[in-house]
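Worksheet for the structure shown next.
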Amino acid sequence: MSDYELDPGFYDEDAQHNPEWMAWVDPASIAAQIDALFSESLASVADGDVPPPADRYTQETVWWVCERFNELFPDVDALYERDNRRAANGFLCYFGEALRALAGGEWFARAGVGSILVPGGSFTPAIGYRWGYDADDITNLLFEAAEAPGGTDAVDAIGDEIYSRSVDYAKAHGIPHDFDEVRRKHGLM
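Each position in the sequence shown, counted from 1, maps to that position plus 324 in our numbering.
Structure representation (structure tokens):
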């Protein structure tokens, strides 16, 4: 399979060689951003213990992180605030890594308009799926959450998206998923 399949019709090979993108997507850089997100931003609004690193990529933790996102970014204006850029970038990294861990996604840079939420802003981080699904623009997910009617709702805009992708990934690969048990329980399987 070619990398083109990560974002059919839009994939740009040149964007993958952007030096700012290559530095941002480096696994050590992403891990550092996520560590800072958990130890600083999330810890500042946690009502209880912050999930340990071993549990970071469970659906329960994704929803927990979404609730904290709602607190840190109560409206779309908060995403634009310069003082919040580090936290926003941490959320970009975390939600992308959650899609990698739970739904078999792969990072790639979308060409064109860069994301205001990443340092330099010359690229837009996205997650593509070789198993067949439209790519997710992580910046758009954050803005959709912050622009939800009635106030920020990351559980609906981001958490449910990640859960849905994980269900589809499991189905496409014949892997058991907790959703199967829910369906069995209610006679839907």
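Note that beta-carbon positions come from the ideal geometry of N, C-alpha and C, so glycine has one too.
- Assignment of T448 by DSSP, reduced to helix, strand and coil, places it in the strand class.
- A residue is called buried when at least 16 other Cβ atoms come within 10 angstroms of its Cβ; V437 does not meet this threshold and is exposed.
- Measuring C-alpha to C-alpha distances from E391 to each of A355, G444, V374 identifies V374 as the nearest.
- Rounded to whole angstroms, D492 and R434 show a C-alpha spacing of 23 Å.
- When the Cα atoms are used, A427 and D401 turn out to be separated by approximately 30 Å.
- By the neighbour-count definition (other C-beta atoms within 10 Å, threshold 16), G414 is a buried residue.
- Its Cα nearest to that of D350, the residue G420 stands out among D327, G420, T382.
- DSSP, read as helix, strand or coil, puts A433 in strand.
- Here the segment 358 to 369 does not lie against the segment 439 to 449, with fewer than 3 beta-carbon pairs under 8 Å apart.
- For D460, the pairing in a beta bridge is given by DSSP as I451.
- Put simply, of W345, A355, N394 the residue whose alpha carbon is nearest the alpha carbon of L465 is N394.
- Annotation: Y381 is outside any alpha helix (DSSP H) and is labelled neither H nor E by DSSP.
- If you draw a straight line from the Cα of A360 to the Cα of N342, it is about 24 Å long.
- Restricting attention to F334, A425, P332, Y457, the CA atom closest to the CA of Q383 is found in A425.
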